[in-house]
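In the numbering used here, the protein residues as written are -1 to 150. A short worksheet on the structure shown next.
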Amino acid sequence: MFSLASFLKHPLVGEFCVTPSEVVVRHRDAAGKQKRKPRYGKVGSLVMLTPDPESNPGRDAAWFGILTWIQPKEEVGRKHVRMCEVWWVYTRQHAIDVVKAGNGQNKKKFLRDLRKCDKKQAWVSNHFSDEPLDSIMSESFFQFNLRQYLLY
(Lines of atoms letter the chains of each structure in order from A and count residues from 1; the text may use other names and numbers.)
(Lines give C-alpha, C1' and ligand atoms only; values in the text may rest on other atoms or scores of the structure.)
Protein backbone atom coordinates (compact mmCIF):
# COMPACT_ATOMS: atom_id res chain seq x y z
CA MET A 1 0.00 0.00 0.00
CA PHE A 2 1.06 3.56 -0.64
CA SER A 3 0.19 5.96 2.15
CA LEU A 4 -0.96 9.02 0.33
CA ALA A 5 -0.40 12.55 1.48
CA SER A 6 0.94 13.84 -1.83
CA PHE A 7 1.89 12.23 -5.10
CA LEU A 8 4.79 14.63 -5.64
CA LYS A 9 7.22 11.93 -4.55
CA HIS A 10 5.43 9.07 -6.32
CA PRO A 11 7.96 7.38 -8.64
CA LEU A 12 5.64 7.43 -11.67
CA VAL A 13 3.41 10.47 -11.25
CA GLY A 14 5.82 12.80 -9.44
CA GLU A 15 8.00 13.49 -12.45
CA PHE A 16 4.97 14.84 -14.34
CA CYS A 17 3.95 17.30 -11.61
CA VAL A 18 4.66 20.91 -12.58
CA THR A 19 5.92 22.83 -9.56
CA PRO A 20 5.84 25.34 -8.01
CA SER A 21 2.10 25.77 -8.29
CA GLU A 22 -0.67 27.83 -6.81
CA VAL A 23 -2.93 26.44 -4.13
CA VAL A 24 -6.54 25.52 -4.90
CA VAL A 25 -8.93 26.25 -2.03
CA ARG A 26 -12.32 24.57 -1.65
CA HIS A 27 -14.82 24.86 1.20
CA ARG A 28 -16.81 21.67 0.53
CA ASP A 29 -16.32 18.06 1.55
CA ALA A 30 -16.84 14.95 -0.57
CA ALA A 31 -20.60 15.05 0.10
CA GLY A 32 -20.78 18.65 -1.12
CA LYS A 33 -21.41 20.08 2.34
CA GLN A 34 -20.05 23.52 3.14
CA LYS A 35 -17.11 23.44 5.58
CA ARG A 36 -15.71 26.20 7.75
CA LYS A 37 -12.14 25.05 7.46
CA PRO A 38 -10.90 25.34 3.90
CA ARG A 39 -9.33 22.39 2.12
CA TYR A 40 -6.13 23.18 0.32
CA GLY A 41 -4.94 21.32 -2.73
CA LYS A 42 -1.88 21.79 -4.88
CA VAL A 43 0.00 19.89 -7.52
CA GLY A 44 0.39 16.33 -6.27
CA SER A 45 -2.92 16.32 -4.37
CA LEU A 46 -5.70 13.80 -4.81
CA VAL A 47 -8.80 15.74 -5.89
CA MET A 48 -12.45 14.94 -6.49
CA LEU A 49 -13.88 16.31 -9.73
CA THR A 50 -17.29 16.81 -11.28
CA PRO A 51 -17.59 14.29 -14.15
CA ASP A 52 -17.96 15.45 -17.73
CA PRO A 53 -21.53 14.41 -18.70
CA GLU A 54 -20.48 13.42 -22.24
CA SER A 55 -17.89 10.90 -21.03
CA ASN A 56 -19.74 9.64 -17.97
CA PRO A 57 -21.98 6.79 -19.14
CA GLY A 58 -21.95 5.25 -15.65
CA ARG A 59 -23.39 8.49 -14.22
CA ASP A 60 -20.72 8.61 -11.53
CA ALA A 61 -21.26 11.29 -8.89
CA ALA A 62 -17.57 12.14 -8.81
CA TRP A 63 -14.25 11.23 -10.37
CA PHE A 64 -10.90 11.13 -8.62
CA GLY A 65 -7.59 12.26 -10.00
CA ILE A 66 -4.17 13.55 -9.11
CA LEU A 67 -3.61 17.21 -9.84
CA THR A 68 -0.38 17.55 -11.87
CA TRP A 69 -0.60 21.11 -13.28
CA ILE A 70 -2.53 24.31 -12.60
CA GLN A 71 -2.64 26.99 -15.27
CA PRO A 72 -1.11 30.20 -13.89
CA LYS A 73 -3.52 33.13 -13.49
CA GLU A 74 -1.28 35.33 -15.63
CA GLU A 75 -1.87 33.11 -18.68
CA VAL A 76 -5.65 33.41 -18.55
CA GLY A 77 -7.80 36.36 -19.52
CA ARG A 78 -10.64 37.48 -17.26
CA LYS A 79 -13.40 35.77 -19.22
CA HIS A 80 -11.49 32.58 -19.97
CA VAL A 81 -11.54 29.31 -18.05
CA ARG A 82 -8.46 28.30 -16.08
CA MET A 83 -7.42 24.74 -16.72
CA CYS A 84 -5.63 22.04 -14.77
CA GLU A 85 -4.16 18.68 -15.71
CA VAL A 86 -5.40 15.59 -13.90
CA TRP A 87 -4.08 12.02 -13.92
CA TRP A 88 -7.11 9.82 -13.41
CA VAL A 89 -7.57 7.34 -10.57
CA TYR A 90 -9.75 4.38 -11.49
CA THR A 91 -11.90 2.66 -8.89
CA ARG A 92 -12.57 -1.05 -9.33
CA GLN A 93 -16.02 -0.40 -10.82
CA HIS A 94 -14.75 2.33 -13.13
CA ALA A 95 -11.99 0.01 -14.40
CA ILE A 96 -14.57 -2.75 -15.01
CA ASP A 97 -16.78 -0.32 -16.97
CA VAL A 98 -13.84 0.83 -19.12
CA VAL A 99 -12.75 -2.74 -19.89
CA LYS A 100 -16.33 -3.81 -20.69
CA ALA A 101 -16.70 -0.94 -23.17
CA GLY A 102 -13.43 -1.81 -24.95
CA ASN A 103 -12.47 -4.67 -27.22
CA GLY A 104 -8.95 -5.50 -26.04
CA GLN A 105 -7.28 -8.87 -26.02
CA ASN A 106 -7.93 -11.11 -23.01
CA LYS A 107 -10.92 -8.95 -22.06
CA LYS A 108 -12.73 -11.78 -20.27
CA LYS A 109 -9.66 -12.73 -18.22
CA PHE A 110 -8.98 -9.11 -17.32
CA LEU A 111 -12.60 -8.62 -16.20
CA ARG A 112 -12.43 -11.80 -14.13
CA ASP A 113 -9.23 -10.55 -12.44
CA LEU A 114 -10.75 -7.12 -11.77
CA ARG A 115 -13.84 -8.65 -10.18
CA LYS A 116 -11.60 -10.56 -7.75
CA CYS A 117 -10.03 -7.32 -6.53
CA ASP A 118 -11.08 -5.64 -3.31
CA LYS A 119 -13.94 -3.18 -3.90
CA LYS A 120 -11.94 -0.49 -2.10
CA GLN A 121 -8.95 -0.88 -4.43
CA ALA A 122 -8.06 1.83 -6.95
CA TRP A 123 -5.38 2.36 -9.57
CA VAL A 124 -3.44 5.40 -10.66
CA SER A 125 -3.70 5.41 -14.43
CA ASN A 126 -1.49 6.84 -17.13
CA HIS A 127 -4.63 8.47 -18.58
CA PHE A 128 -4.62 12.22 -18.09
CA SER A 129 -6.61 15.16 -19.39
CA ASP A 130 -6.98 18.90 -19.07
CA GLU A 131 -10.03 19.91 -17.08
CA PRO A 132 -11.51 23.25 -15.99
CA LEU A 133 -10.10 24.24 -12.60
CA ASP A 134 -13.67 24.87 -11.41
CA SER A 135 -14.49 21.17 -11.91
CA ILE A 136 -12.51 20.37 -8.74
CA MET A 137 -15.16 19.79 -6.07
CA SER A 138 -12.94 18.96 -3.11
CA GLU A 139 -9.40 17.99 -2.16
CA SER A 140 -8.32 15.07 -0.06
CA PHE A 141 -8.60 15.80 3.64
CA PHE A 142 -7.90 12.39 5.08
CA GLN A 143 -5.16 10.06 3.94
CA PHE A 144 -6.25 7.59 1.30
CA ASN A 145 -4.60 4.27 0.54
CA LEU A 146 -4.16 3.39 -3.12
CA ARG A 147 -2.26 0.62 -4.82
CA GLN A 148 0.64 1.71 -7.01
CA TYR A 149 -0.49 0.18 -10.28
CA LEU A 150 -0.74 1.71 -13.68
CA LEU A 151 -3.81 0.73 -15.66
CA TYR A 152 -2.89 0.30 -19.31
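Backbone N, C-alpha and C fix where the C-beta goes; we use that ideal spot for every residue, glycine too.
Non-local C-beta neighbours of residue 125 in its own chain, meaning closer than 6 Å and more than five positions away in sequence, comprise 86, ordered along the chain. Around the C-beta of residue 30, fewer than 16 other C-beta atoms lie within 10 Å, and the residue is accordingly described as exposed. With respect to the 9 Å criterion, residue 99 and residue 121 are not classified as neighbours on the basis of their beta carbons. The criterion of a C-beta distance shorter than 9 Å is not satisfied by residue 24 and residue 133. Closest option to residue 128, judged by alpha-carbon separation, among 76, 65, 117: 65.
In terms of CA proximity to residue 20, 82 leads the group 96, 113, 82. Looking only at 37, 41, 68, the smallest Cα-Cα distance to residue 26 is reached by 37. If you draw a 10 Å sphere on the C-beta of residue 69, you find 16 or more other C-beta atoms in it, and that means buried.
Spatial neighbours of residue 115 in its own chain (CB-CB distance under 8 Å, excluding positions within 5 residues in sequence) are listed in chain order as 90. Within the stretch 90 to 138, the complete beta strand (DSSP E) segments of 3 residues or longer fall at 120 to 130, 134 to 137, listed in chain order.
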